[in-house]
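Going left to right, the sequence shown walks through residues 0 to 208 as numbering that gives the first Met the number 0 numbers them. Each residue gets a CB set at the ideal place from its N, CA and C atoms; glycine is no exception. Remember, predicted model here, so these are calculated numbers, not experimental data.
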Amino acid sequence: MSIPVISESWSRLNHAYAADDALVQKALSDILTAYQAPERHYHNLQHITQLLTLHHAYAGQLKAPDTVLYAIFFHDIVYDVQRRDNEQQSALAAGEYLRQTRFPPADINAVEEFILATQTHVNPLQHSDLDYFLDFDLQILGTAPDIYQAYTQQIRREYSIYPDQLYHPGRKKVLQHFMEMPAIYRTPAFQQQYETQARQNIQAEIDNL
0 MSIPVISESW SRLNHAYAAD DALVQKALSD ILTAYQAPER HYHNLQHITQ
50 LLTLHHAYAG QLKAPDTVLY AIFFHDIVYD VQRRDNEQQS ALAAGEYLRQ
100 TRFPPADINA VEEFILATQT HVNPLQHSDL DYFLDFDLQI LGTAPDIYQA
150 YTQQIRREYS IYPDQLYHPG RKKVLQHFME MPAIYRTPAF QQQYETQARQ
200 NIQAEIDNL
């Protein structure tokens, strides 16, 4: 189950930075409520759990693993398909919480920048941890075709308020953005494991739109 995994990870993360247990629990409640919203079919607790799994697998490669963890928890806390500022609002939510803790100010800024980077999946900071975080977020693109197909259906359900004649051009624009990147994945490990399959998956989806 996602909730016990997420709750335990959140508690461990905050142990060193927040003495106010009520603050920690309120933030956890906000996180769980946001990611369990009924209109979320992909950007939900399962997505967070998958990123936590990847974080655990690659923690030894990260210079500031706690920064990446906070970015994971908050990066989609605001997710409304009718808004254009989800990343900005999610970064604000992260900063608002973290400034009530002992998390270092420079690292708070990094969390905010990491979340903002998920809007374009470009690394303006040249920060190796951000490379991993962005790769974690895009790992789904390079999964087996049946898993990718399920993902595309989940995304379509999140955008169900839009008819195909509006959804298809918008989705195609997003997909073409990835295809035009020199590399979708930023780390050698993810490039080797996922790049080829991701491009095949994305091209197949474009062809079907």
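Q) If we ignore side chains and look at the alpha-carbon of each, how far apart do PHE113 and TRP9 end up? A) 18 Å
Q. Quick one: what's got a C-beta closer than 7 Å to ARG39's C-beta in the same chain, skipping five residues either side?
A. TYR78, GLU157
Q: Can you tell me which of ALA143, SER127, THR195, THR117 puts its alpha carbon nearest to the alpha carbon of VAL219?
A: Residue 219 cannot be examined here, being either before or after the span of the chain that is shown, 0 to 208.
Q: Note down, in chain order, each residue of its chain lying with its Cβ closer than 6 Å to the Cβ of VAL4, except the 5 sequence neighbours on either side.
A: Taking VAL4 as the centre and dropping the five residues before and after it, the same chain places the C-beta of THR48 closer than 6 Å to its C-beta, in chain order.
Q | Local conformation of ARG39 per DSSP, three classes | A | coil
Q: Measure the CB-CB distance between ALA109 and THR66 and report whether it falls below 9 Å.
A: Yes. Within cutoff.
Q: For the alpha helix (DSSP H) holding GLY59, just list the boundary residues, first then last.
A: First-last for GLY59: undefined, no H or E at that position.
(Q) Quick check: the Cα distance between ILE76 and GLY94, rounded to an integer number of angstroms? (A) Taking the straight line joining both Cα atoms gives about 12 Å.
Q: Please state if the CB of ALA90 and the CB of LEU115 are separated by a distance shorter than 9 Å.
A: yes
Q) Among residues of its own chain, excluding the 5 on either side of ASN13, which ones have a beta-carbon nearer than 6 Å to its beta-carbon? A) VAL23
Q) Relative to the C-alpha of GLY59, which residue among ASN43, PRO181, TYR131 is closest? A) TYR131
Q: Report yes if the C-beta distance between HIS126 and MET180 is below 9 Å; otherwise report no.
A: No. Outside cutoff.
(Q) Beta-carbon within less than 7 Å of ILE107's beta-carbon, same chain only, minus the 5 sequence neighbours each way: which residues are those? (A) GLY94, LEU97, ARG98
Q) Cα separation between GLN148 and LEU68? A) Rounded to whole angstroms, GLN148 and LEU68 show a C-alpha spacing of 27 Å.
Q: Give every residue of the same chain whose Cβ lies closer than 7 Å to the Cβ of THR186, excluding the five residues on either side of it in the sequence, and list them in chain order.
A: ASP130, TYR131, ASP134
Q) Between GLU86 and VAL80, what straight-line distance do the alpha-carbon atoms span, to the nearest angstrom? A) 12 Å
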